[in-house]
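Enquirer: This is the structure I have questions about; it appears just below.
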Amino acid sequence: MQPLLHEACESLSIILGEWRGSGRGHYPTIDDFEYTEEVIFGHSGKPFLAYGQKTKNAVNGDPLHSEQGFLRATGETALELVVAQPSGIVEIHQGSFASNESACVINLESIYVETSPTAKSVERVHRLLRIEGDTLTYDLSMAAMGQPLQHHLAATLERQ
Ligand code: HEM
């Protein structure tokens, strides 16, 4: 039986569920790429949402990036994200959100990014998510590989 959504997460309920779509990525140090993506936001009745994401190369279907994390509503408009990537990168974000029944904007700035000894270097990450009805779009910028903060990803997903 599905547990009741914790009251701390009620104002984020619009994000719950499964989303699928596609995106494009670029960065000065790599070739441009296109990907398909599946995202799931779930909950267990506790005061956080569980977040999981996986992507595939849009051209040949090979697995690309994936990540898992948790989103906690920490105040009326405040939230925190912790997220880990199998490539050895861990991000902690602080942010804010604004939502109503049909739309939501979540703005997250990393306050901590750590990389394992063999991971690529990442210093800073900015994540901006928008939901309007059944469409979720996001942009992700990063300061990585010695480059200043700049755009890496943009995607559009539809609610399933
Ligand atoms: C939808 C999510 C993402 C996709 C599809 C994606 C895809 C890619 C691809 C295809 C590359 C180039 C080949 C490779 O190194 O594997 C790449 C490089 C990279 N990505 Fe992403 N990425 C995603 C999210 C992220 C995030 C969240 C971060 C960091 C917070 C990140 C950091 C990097 C770094 C540091 C590189 C290496 C650049 C270099 O080698 O010069 N990526 N990404």
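Counting in my numbering, the sequence shown runs from 563 upward without gaps. Backbone N, C-alpha and C define an ideal beta-carbon position, used for all residues, glycine too. Source: prediction; values computed, not measured.
Would T639 pass as a contact of A660 if the rule is Cβ separation under 8 Å?
Expert: Yes, the pair counts as a contact, with Cβ atoms nearer than the cut-off.
Enquirer: Can you tell me whether G650 sits near ligand 1, meaning its C-beta is under 7 Å from at least one heavy atom of the ligand?
Expert: Flag unset: Cβ of G650 not near ligand 1.
Enquirer: Where do the ends of the beta strand (DSSP E) carrying K682 lie?
Expert: Looking at the DSSP string, K682 is not in any beta strand (DSSP E), and its letter there is neither H nor E.
Enquirer: Put E642 into one of helix, strand or coil per three-state DSSP.
Expert: Here E642 sits in strand by DSSP.
Enquirer: Any idea what DSSP makes of A570, helix, strand or coil?
Expert: Residue state, collapsed to three classes: helix.
Enquirer: If you draw a straight line from the C-alpha of A635 to the C-alpha of A717, how long is it?
Expert: Those two C-alpha atoms are separated by around 24 Å.
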